[in-house]
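For reference, the structure discussed in these notes is given below.
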Amino acid sequence: MKIYLTYLISKFFDALKSSHGNLICPLTMFLVLILSLPNNALAGKTLDAIKQRDQVVCGVNTGLAGFGAADSQGKWTGLDIDICKAIASAVLGNAEKVKFIPLSAPQRFTALQSGEIDILSRNTTFSLTRDASLGLHQTAVTFYDGQGFMVPVKSNIKSAKQLKGASVCVQSGTTTEKNLTDFSKANKLDIKPIVFEKLEAANAAYFLGRCKAYTTDASGLASIRSKEAKEPKEHLILPDLISKEPLGPMVRRGDDEWLAISKWVIYGLIEAEEYQINSKNIENLKTQSTDPVVMRLIGKSEDMGKLLGLDREWLSRAVSQVGNYAEIFDRNVGEKTPLNLKRGLNALWSQGGLQYAMPIR
Amino acid sequence: MKILELWHHKRTRQRLFQCAVVLILLVVVGSLSYNTWTNLKSRGIQSGFDFLMENSGFDIGEHFLISFDSSDHYWWAFLAGLLNTLKVSMVGLICSSLLGLMVGMGRTSHQTLIRWCSRAYVECLRNVPLLLQLLMWYVLLIEYLPSSETPYSWFNAILLSQEGLALPQLMWSSNSSNDFLDMQLLWSWPIRDIYGIHSDLNLSPEFISLTFALILYTSAFIAEIVRAGIESVPKGQIEAAQSIGLNDFQINRFVVLPQAAQLIRPPLTNQYLNLIKNSSLAVAVGYPDVVSIANTALNQTGRALECISILMAIYLSLSLLVSWGMNQFKDASSIAIEKDKERLERSRLDPQGTGARHA
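Residue numbers (the working numbering), protein chains in the order written: chain U, 1128 to 1488; chain H, 811 to 1169.
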C-alpha cells in the first residue's frame, strides 16, 4: 500500500511538472487518494506494519512527569513511555525503536481509531463505555489509581467534603469530569468545574489561585505538584479518593494478535518481578538458572514467543533493555523520584497489592 | 450528428460540465460517507445521534438564561454551551463595534495625539495572535485579583475577586410563593460566607478575559474598516457640509457616517463572523462555550463525528444568521441613498426639473 501510494505521489509530481495548469490530473489524484486511504488501516496486521516500518508508534501524554514527558533534550521518559519501549524491544529487538506522538486527552482515541498510532499508552482509565463503544480494546492495567484533590495548604481544607461551592480546575476529555460531578451530587457540594482543554492551562489556573482545588488521578496530582508547583510543600493532596482509575494502554479492535502481544508484554514485566528477574541479573540467570518458570520466561526452555508471533527471546530482551515492572515503577514514579509514590495498590498480589499477572505458560 | 450539434452549443456544453462536476462531487461525498460508515461499523465504533437524549452526567461551571444540572440531557448541555457562546458573542459584537467606531474615527482625527494613539492601538492589537492575548489577559486577571476571602468591594454590592465580578441583580420575588399580586422587584445582593462569594449575577474571570480579548482584538480590525469607510467619502462632501454651516458632529452624523456605512457593512460582517468563530478559543481559558461542551460530550460518548458535525452546524447557522441580519441592515440604510442617487441621475438627465418628476 505504502509503495503504491509513493509511486502515485511521485507520478503526480511528474505530471505536475510536465503539464502545468492541467487541473484534471490533480483532481483524479485527489480522488484516488481519498478512495484508497480509508481502507489502508484495515489492510495488513498491525504487527506486519510495525515490522515493515521498523518502529512502534505510541501515543503518549503531552507532559505528565513520571508517566509521559519529554525532557529538555526531547528524550521521553515515564512509566507509560517504558511500556512502549518494552513492547518495541519485544517486537523489534530494540527499545529505542519507538516514535512518541504526544496527544491531548480529547485527541487520543481518535488518533488510535484512525490508525495514526499503534498503541495508546497515556494514563488512560479503563471503563465499560470506553471498552464497548470506541472500537478499542483495553490491554492490561499498568497503574492502579484513584481520583483525588489537591488544595493549597493555607486553605485549611482537610477533606474533599469541605469543597462546598468551590471552583475546581479539571482537564477536559477525561473521566475526571464525570467523577467530580457524581461526587459533588452525592455529597450536595455544588462544585463548579472549570474545564481546560490543555493540562498546562489547568495547571496555571490552579497555581495562580483561580480554583480552590485541582482534581485528577492521585498519581497525576503528585506529578503536577512535583513538577509545576513553586513550593511542592505548600500543596496538599487530600486523602479522599473518589473513584477507581485503572490505567493502562489501549489498542484498536480488529487485530487480536496485536492485542495479545501488548497484553502479554505487560504481564511479562509483572511476572518478571514476581520471579525476581531484572535487568541486572538476567544475563546470569540465562546461564545459571534451573528454575523451570524462570527458564520459560527468559526463553531457555519452551518457546512462548512463537505463540504470540514473536521470537524466543521476546521477554528477556524487554526485561534486560527496560527492566521489570518494579524497576520501571521505581525509576519513574517510585519513592526515590520527585513523585514519591508508594507501591500501594501497585504492589504485587503476593505483597498485598493488586498487580497480578496472568501466568505465562 | 444531433449530439455533435448539442456539443457545439455553448450553453448545453456548460450545463454538461456542471452536471459532471455535481456528479463527481456526489460520488466523492457518497463514497466518503459509505467508507466512514462501514469502517465505523467494522471496528465496532458506535455511532448515531441517540446519545443526545441520554443524561449528560457532567456539570457546567456557568450557564446563561437556562439552568443546567448533571441529570439533564446532552442536547440541553449543547444548548447551555450555545447560550454561553451567544453571551460572549453578543457582548463582543456590540462593544467591539462601538470601540472600533471610536478608534476608527480617531484614526482620521485632525488632532495628532488622538491619531497616533489610535494608530498605536490598532497596530499593537491586530498584530499579536488572539490566543496569546487571551491567555495574557486571563493570567493577568487571575494573578492580580485578590482571593475570594479578601475581595475588592464596593459597599458590599459589587465584589471583584478571583471568583469573578459579583453584581447585584434585580429580581422578581414574593413572600408567599404562589401569589402573583404580591410579586415585587427586589435587588438580590451578593452574599459572602466562609465558602466564598455567592451571587445571582456573577461574571467569571474566564468570561471577562475572553470577552475583553475578543473586543480588543476585533475592534482593532473594525477601526481600520471604519477608517477606510470614512476616507472613502469624497472631500467635496465634507466641504459642502461645512459651507452650509454644519458643525463637526453634524457632518459626521448626517454626511460622513451614512455614506461610510455603505462601504463598511460587508467587511464588518466578516469581522462579526470572525468574532463569533474566535469565541471558540474559550476552551483555552476554561470558559464553557459550545466547543468545550462538545469536547466533553465527545469524550464521554466517543461520538467524535457526531459532536463535530453538531458544532459545524451550529457555527454555520450562527454565521448565516449574522450575514442575513447584516443584509437586512443594508436594505434599511441604503434605500435612502439609492433614492438620492436616482434623483440625482434624473435631475442630470432633466436639469430643468420639468416633466419627469411625479407629484
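Where is the CB? At the ideal position from N, CA and C, for every residue including glycine.
DSSP lists no beta-bridge partner residue for Asn1408 of chain U. Among the CB atoms of chain H, one or more fall inside 8 Å of the CB of Pro1233 of chain U. Under the Cβ distance rule, Thr1106 of chain H counts among the residues neighbouring chain U, one pair being separated by less than 8 Å.
Between His1008 of chain H and Ser857 of chain H, the alpha-carbon positions lie close to 41 Å from each other.
Close to chain U, meaning a Cβ-Cβ distance shorter than 7 Å, are the following residues of the region 874 to 901 of chain H: Ser880.
Contact with chain H is absent for Val1278 of chain U, since none of that chain's Cβ atoms lies less than 8 Å from the residue's Cβ. Assigned with DSSP and collapsed to three states, Cys1117 of chain H falls in helix.
Per DSSP, Ser907 of chain H is one residue of the alpha helix (DSSP H) stretching across Tyr884 to Arg917. Contact between Asn1473 of chain U and Gly1480 of chain U holds: their C-beta atoms lie close to 6 Å from each other, under 8 Å. A check of alpha carbon separations from Val1278 of chain U across U:His1362, U:Lys1312 and U:Lys1212 identifies U:His1362 as the nearest.
Taking every protein chain shown into account, the CB of Ile1120 of chain H has 16 or more other CB atoms within 10 angstroms, so this residue is buried. Taking a C-beta cut-off of 9 Å against chain H, the contacting residues of the region 1359 to 1390 of chain U are Arg1379, Arg1380 and Gly1381, listed in chain order. Listed in chain order, the non-local C-beta contacts of Val1268 of chain U below 6 Å within the same chain comprise Pro1373 and Gly1375, local neighbours out to five positions each way being set aside. The beta carbon of Ile952 of chain H sits closer than 8 Å to some beta carbon of chain U. Here DSSP, grouped into helix, strand and coil, assigns Asp1344 of chain U to strand. With 16 or more neighbouring CB atoms inside 10 Å of its own CB, Glu1400 of chain U falls in the buried class. Residue environment analysis places Asp1344 of chain U among the buried positions, since at least 16 neighbouring C-beta atoms fall within 10 angstroms of its C-beta. Minimum Cα-Cα distance from Gly910 of chain H among the listed residues H:Tyr931, H:Asn849 and H:Asp869 corresponds to H:Tyr931.
The three-state reading of DSSP puts Leu1466 of chain U in coil, since its state is none of H, G, I, E or B. In the displayed model, Gly1395 of chain U falls within a helix according to three-state DSSP.
Residues Leu1174, Ile1214, Ala1217, Val1218, Leu1435, Gly1436 and Leu1437 of the same chain have their beta carbon placed closer than 8 Å to that of Ile1388 of chain U, with the five preceding and five following residues left out of the count. With 16 or more neighbouring CB atoms inside 10 Å of its own CB, Trp1441 of chain U falls in the buried class. For Gln1240 of chain U, a Cβ of chain H is located within less than 8 Å of the residue's own Cβ.
Neighbourhood of Gly1292 of chain U in chain H, by CB distance below 8 Å: Tyr1005, Gly1006 and His1008, in chain order.
Spanning the alpha carbons of Ser1029 of chain H and Ala1328 of chain U requires a straight line of approximately 26 Å.
Following the DSSP letters along the chain, one finds Ile1007 of chain H inside the beta strand (DSSP E) bounded by residues Gly1006 to His1008. Between the region 1126 to 1140 of chain H and the region 1076 to 1093 of chain H there are three or more C-beta pairs closer than 8 Å, enough to call the two in contact.
Residues of the region 1321 to 1345 of chain U with a C-beta less than 8 Å from any C-beta of chain H: Ile1321, Val1322, Phe1323, Glu1324, Lys1325, Ala1328, Ala1329, Ala1331, Ala1332, Leu1335, Gly1336, Arg1337 and Lys1339, listed in chain order. Taking a Cβ-Cβ cut-off of 7 Å, the neighbours of Gln972 of chain H in chain U comprise Gly1336 and Arg1337, given in sequence order.
Under the DSSP definition of a beta bridge, Ser963 of chain H partners with H:Leu969. For Lys1305 of chain U, the C-beta contacts it makes with chain H under 8 Å involve Gly867, Phe868 and Gln1110, in order along the chain.
When Cβ pairs closer than 8 Å are counted between the two stretches, the region 832 to 852 of chain H is seen not to touch the region 1098 to 1110 of chain H, the count staying below three. Residue burial annotation: Tyr962 of chain H is exposed, with fewer than 16 other C-beta atoms found within 10 angstroms of its C-beta.
Rounded to the nearest whole angstrom, the CA to CA distance from Val1183 of chain U to Gly1190 of chain U is 20 Å. Listed along chain U, no residue sits closer than 8 Å to Ile1120 of chain H by beta-carbon distance, the nearest being about 15 Å off. The continuous stretches of alpha helix (DSSP H) do not include Cys1338 of chain U, and DSSP gives it neither H nor E.
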